[in-house]
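One structure is given here, and the rest of the page talks about it.
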Amino acid sequence: MTMLQDSVSFEDLSVDFTQKEWQLLDACQKDLYKDVMLENYSSLVSLGYEVMKPDVIFKLEQGREPWTGGGALPSSGSLESWNYLVCLCNFNNRSFNK
Numbered sequence: 016m017t018m019l020q021d022s023v024s025f026e027d028l029s030v031d032f033t034q035k036e037w038q039l040l041d042a043c044q045k046d047l048y049k050d051v052m053l054e055n056y057s058s059l060v061s062l063g064y065e066v067m068k069p070d071v072i073f074k075l076e077q078g079r080e081p082w083t084g085g086g087a088l089p090s091s092g093s094l095e096s097w098n099y100l101v102c103l104c105n106f107n108n109r110s111f112n113k
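The numbering used here puts the sequence shown at residues 16 to 113.
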């Protein structure tokens, strides 16, 4: 069996939010975003990928808000990601509140 290996970059695993999009997230979603982004970066580094630390990681490590760019309307990719975070946090809240 032949397995193909494709390179994975941090950008392939990351989600960017505008300031307006970031403000729509609740605390649970922001915490989840921080945890996932830091874990993705850590995983890539631990696998031996030589990647320059992205600006979003610096911001998250310093406790700063990671949003990018101006206040443009949400892009479909980040809006879909935001909807995913909403569903995941709602699921987690139901699971922990039982």
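The beta-carbon is built from N, C-alpha and C at its ideal position, and this holds for glycine as well.
Since this is a predicted model, take the numbers as computed values, not measurements.
Item	Value
Sequence-distant residues of the same chain with beta carbon closer than 8 Å to K45, five excluded per side	W37
Simplified DSSP assignment, three categories, for D70	helix
Segment limits, alpha helix (DSSP H) that includes Q44	A42 to S61
Whole-angstrom C-beta distance between F32 and N55, which should lie under 8 Å	With 8 Å as the limit, N55 and F32 do not qualify as a contact, their Cβ atoms being about 15 Å apart.
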